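J.: Just passing along the structure, written as structure tokens.
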Amino acid sequence: MTFDAEAAARDFPLIEGGKNVYLDNAATTQKPAVVLDAVRRYYETTNANVHRAAHALSDAATQAFESARADVARWINANSTAEVVWTRGTTEGINLVAHSYGGSVLGPGDRVLITELEHHSNIVPWQIVCAQTGADLAAAKVTADGRIDIDDFEAKLDGATKIVAFGHVSNALGTVNPVRDLVARARAAGAVTVVDGAQAMAHFHVDVQDFDCDFYAFSGHKMYAPTGIGALYGRETLLEAMPPWQAGGEMIEEVTIEATTYARLPFKFEAGTPNIAGAIGLGAAVGYLEGIDTEELAAHEDHLLRTATSRLSQVEGVRILGTAPDKGPVLSFLMQGAHPHDVGTLLDQQGIAVRTGHHCAMPLMRRLGVPGTVRASFALYNSLTDVERLIAGVHKTRSFL
Amino acid sequence: MTDLDEVRGAFELLDDWEDRYRFILDLGRSVPELDPELKTDERLVRGCQSLVWLVPRLDAETGRLHLTIDSDAHIVRGLIAIVLAAYDGNGPDEILDFDIEGLFSELDLLQHLSPTRGNGLRAMVARIRSVAENAAAV
Ligand SMILES: Cc1ncc(COP(=O)(O)O)c(C=O)c1O
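Chains as they are written, first to last, in my numbering: chain E, 309 to 709; chain F, 129 to 266.
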């Protein structure tokens, strides 16, 4: 069987009927009707605050909220729901680990190892904790085709390295990093691993136990769920030992003015009223993805990527950035004689939504020596027609320059 | 140098986006390039994506403001041509009084002034106005 993208497009109100050639999926994906309906149904039938009240609505809301957590735990193969902490998204997940775990274990002489491929949200939190704790921040180099340079990674992974943080899939170039291998190397060196899964969840089946990583952070909005919700997977023994990060309601067991005992996992890390509707939307998005054959989906998106890559490389003056053999459906390119902004503006005039700029990966852009790129990124509802429109749009754009 | 009335007149005759953007790109070609040595960080106007450098010069005798502006993006250079047509060589008060939003809206280019586009045009206009305010204050 092959994946039926046209049928899938009908699940998405903003995509249905070829309304938009939306190729900015790495920034955020569109939402299927089942997700929108779940959020709406929650507000219409179940809305109440969770975990607090002794009334039926609150019970129902709590159940829906916790059942969404169970959906996520099952989808990523966490050991239990105690290992799934709701966050606002990837950024908050990484900050939680950096501040709570990093802040409590790091000290002068210690090292945090990241890579040049990272999104700013997997760089800046580490810079901040390193500055606060006196630890040193090192970044493994990337190769010209956009892979993590394993030799450099190994060389920088020394005995002082306490934390290794890297992305699963690069948002700027699409490179899929060898998570299992990198985690194994880091663990052998005695480091804790943090994986930025923002760009992987919509495309690949993630199994955190198979990866054997300690933390895995992701955003709902990049996997067909609403904005403002995401989750952080954390190994239970680590989460248990970590101090709370943000404090307030929900995350406490008992408070006196002198002292507080914290709630059990995962609530210890969920201060304040959570994004209940968002969590329920994320649960529905997981349900939607569970109804899709992961391999067929990956083959479909890979086919779009390969077709677009080969068609685009035939356009004179086009240079593709990120040519690693293993890639997610992200295609970054430059056109000779044009700034990415020019290309993005002219494609926009033709109704084609791509992203241009540095993609929140300025160190990587500097490493590649480019001001930014034009990035087309695909999702399950994109089709070869979208690819054709992109290629035609690029040809037309070229005629302007 | 591009004349504002010419720009307005030309835009009136251009009815599809292709002609309009070809014209904008043409306008951009007429903008003199800034000497690479002058493309320093202090002269950079922080937009989000394209780089824009701005060199203002106040003519002490005439009290008029002369602007040199350049960018690494072609469409932005075209927009710079329009900004120059509106501002260059004018006195500070004239610059402060000029309704640039009105002009861009009339040319149907207002989206480029939007803070969300990140092309630096808005920041460029703000910088020119602040130079004009300083000049008007003396
Ligand atoms: C690789 C990567 N990491 C982190 C993020 C940040 O995600 P969010 O803004 O949803 O927290 C993004 C999103 O742009 C991303 O692509």
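Glycine included, every Cβ here is placed at the ideal spot set by N, Cα and C. Owing to the predicted nature of the structure, the values given are computational and were not obtained by experimental measurement.
Output needed in chain order: residues of the stretch 649 to 672 of chain E with a Cβ under 7 Å from some Cβ in chain F.
T.: Within the stretch 649 to 672 of chain E, the residues whose Cβ lies closer than 7 Å to some Cβ of chain F are His649, Asp650, Thr653, Leu654, Gln657, Thr664 and Gly665, listed in chain order.
J.: So is tryptophan 145 of chain F in contact with chain E if we call contact Cβ pairs under 8 Å?
T.: So, interface residue.
J.: Quick check on histidine 359 of chain E - is its C-beta less than 8 Å from some C-beta in chain F?
T.: So no, histidine 359 of chain E is outside the interface.
J.: Could you tell me which residues DSSP puts in a beta bridge with serine 199 of chain F?
T.: Its beta-bridge partners are F/Val180.
J.: Establish whether the CB of histidine 427 of chain E and some CB of chain F are separated by less than 8 Å.
T.: So, not an interface residue.
J.: Compare the C-alpha of glutamate 400 of chain E against each of E/Tyr570, E/Phe523, E/Tyr596 and E/Leu344 and name the closest.
T.: Of the candidates E/Tyr570, E/Phe523, E/Tyr596 and E/Leu344, the one whose C-alpha sits nearest the C-alpha of glutamate 400 of chain E is E/Phe523.
J.: Going straight from the alpha carbon of arginine 382 of chain E to that of threonine 370 of chain E, what length do you get?
T.: Spanning the two alpha carbons is a distance of roughly 18 Å.
J.: Ligand 1 and asparagine 430 of chain E: does the residue's C-beta get closer than 7 Å to at least one heavy atom of that ligand?
T.: Yes - ligand 1 has a heavy atom lying nearer than 7 Å to the Cβ of asparagine 430 of chain E.
J.: Return yes when at least one heavy atom of ligand 3 lies under 7 Å from the C-beta of asparagine 479 of chain E, else no.
T.: Looking for ligand 3 in the displayed structure turns up nothing; the ligands present are ligand 1.
J.: Determine the DSSP secondary structure at phenylalanine 151 of chain F, reduced to helix, strand or coil.
T.: In this structure, phenylalanine 151 of chain F counts as helix in the three-state DSSP scheme.
J.: Applying a beta-carbon distance threshold of less than 8 Å, which residues of chain E neighbour arginine 277 of chain F?
T.: Here chain F comprises residues numbered 129 to 266, so residue 277 of chain F is not present and cannot be evaluated.
J.: Pair every Cβ in the stretch 494 to 502 of chain E with every Cβ in the stretch 635 to 647 of chain E, then say whether three or more of these pairs are closer than 8 Å.
T.: No: fewer than three Cβ pairs fall under 8 Å.
J.: Check this for me: beta carbons of valine 651 of chain E and arginine 683 of chain E, under 8 Å apart or not?
T.: Against a cut-off of 8 Å, the Cβ pair of arginine 683 of chain E and valine 651 of chain E comes out as no contact.
J.: Give me, in chain order, the residues of the same chain whose beta-carbon lies closer than 8 Å to that of alanine 468 of chain E; leave out the 5 immediate sequence neighbours on both sides.
T.: The answer, listed in chain order, is Gly417, Asp418, Arg419 and Asp444.
J.: Run the proximity test for cysteine 668 of chain E: is its beta-carbon closer than 7 Å to any non-hydrogen atom belonging to ligand 1?
T.: For ligand 1, at least one heavy atom lies less than 7 Å from the Cβ of cysteine 668 of chain E.
J.: Going along chain E in order, which residues have a C-beta closer than 9 Å to the C-beta of leucine 153 of chain F?
T.: Those are Asp650, Phe708 and Leu709, listed as they occur along chain E.
J.: Taking the CB atoms as reference points, tell me whether alanine 593 of chain E and methionine 531 of chain E lie closer together than 8 Å.
T.: Against a cut-off of 8 Å, the Cβ pair of methionine 531 of chain E and alanine 593 of chain E comes out as a contact.
J.: Quick check on threonine 423 of chain E: buried or exposed, where buried means 16 or more other Cβ atoms within 10 Å of its Cβ?
T.: By the 10 Å Cβ count, threonine 423 of chain E comes out buried.
J.: Using a C-beta to C-beta distance shorter than 7 Å, which residues of chain F count as neighbours of alanine 646 of chain E?
T.: Within chain F, the residues near alanine 646 of chain E are His202.
J.: Per DSSP, what kind of secondary structure is glycine 542 of chain E in: helix, strand or coil?
T.: In the structure shown, glycine 542 of chain E sits in a strand (DSSP, three-state: E or B).
J.: Would you identify the three-state DSSP class for lysine 167 of chain F, choosing helix, strand or coil?
T.: Here lysine 167 of chain F sits in coil by DSSP.
J.: Classify lysine 327 of chain E as helix, strand or coil using the three-state DSSP reduction.
T.: The answer is coil: DSSP assigns lysine 327 of chain E none of H, G, I, E or B.
J.: Would leucine 425 of chain E pass as a contact of glycine 505 of chain E if the rule is Cβ separation under 8 Å?
T.: Not in contact: leucine 425 of chain E and glycine 505 of chain E (Cβ atoms no closer than 8 Å).
J.: Between the C-alpha atoms of valine 183 of chain F and glutamate 609 of chain E, what's the straight-line distance to the nearest angstrom?
T.: Taking the straight line joining both Cα atoms gives about 47 Å.
J.: Might you give, ordered along the chain, the residues of its own chain that have their beta carbon closer than 6 Å to the beta carbon of proline 671 of chain E, omitting 5 neighbours on each side?
T.: If we look at proline 671 of chain E and ignore the five residues flanking it on each side, its Cβ neighbours are Glu424.
J.: Could you tell me how far apart the beta carbons of arginine 255 of chain F and leucine 241 of chain F are, in whole angstroms, since I believe they sit closer than 8 Å?
T.: About 14 Å separates the two Cβ atoms, so there is no contact after all.
J.: Would a check of beta-carbon distances place glycine 417 of chain E closer than 8 Å to chain F?
T.: No, glycine 417 of chain E does not count as interfacial toward chain F.
J.: Can you tell me whether DSSP reads methionine 550 of chain E as helix, strand or coil?
T.: Here methionine 550 of chain E sits in coil by DSSP.
J.: Who are the near neighbours of alanine 356 of chain E in its chain, counting only those whose CB is closer than 6 Å to its CB and skipping five residues on each side?
T.: Excluding positions up to five away in sequence, the list reads Leu365, Ser366 and Ala369.
J.: To which residues of the same chain is valine 503 of chain E closer than 8 Å at the C-beta, ignoring the five residues directly before and after it?
T.: Taken in chain order, the residues that qualify are Ala473, Phe474, Gly475, His476, Val487, Val491, Phe519, Cys521, Phe523, Tyr524 and Ala525.
J.: Which residues share a DSSP beta bridge with asparagine 218 of chain F?
T.: Its beta-bridge partners are F/Leu193.
J.: At a CB-CB cut-off below 9 Å, which residues of chain F make contact with proline 633 of chain E?
T.: Those within 9 Å of proline 633 of chain E in chain F number zero; the least Cβ separation is about 30 Å.
J.: Please report the straight-line C-alpha distance between isoleucine 436 of chain E and threonine 310 of chain E, rounded to a whole angstrom.
T.: Between isoleucine 436 of chain E and threonine 310 of chain E, the C-alpha separation is close to 46 Å.
J.: Which of helix, strand or coil does DSSP assign to alanine 452 of chain E?
T.: Here alanine 452 of chain E sits in coil by DSSP.
J.: Look up glutamate 561 of chain E in the DSSP assignment and say whether it is helix, strand or coil.
T.: If DSSP states are grouped into helix, strand and coil, glutamate 561 of chain E belongs with the strands.
J.: State buried or exposed for aspartate 694 of chain E, treating a residue as buried only when at least 16 other CB atoms are found within 10 Å of its CB.
T.: Buried, by the Cβ-count rule.
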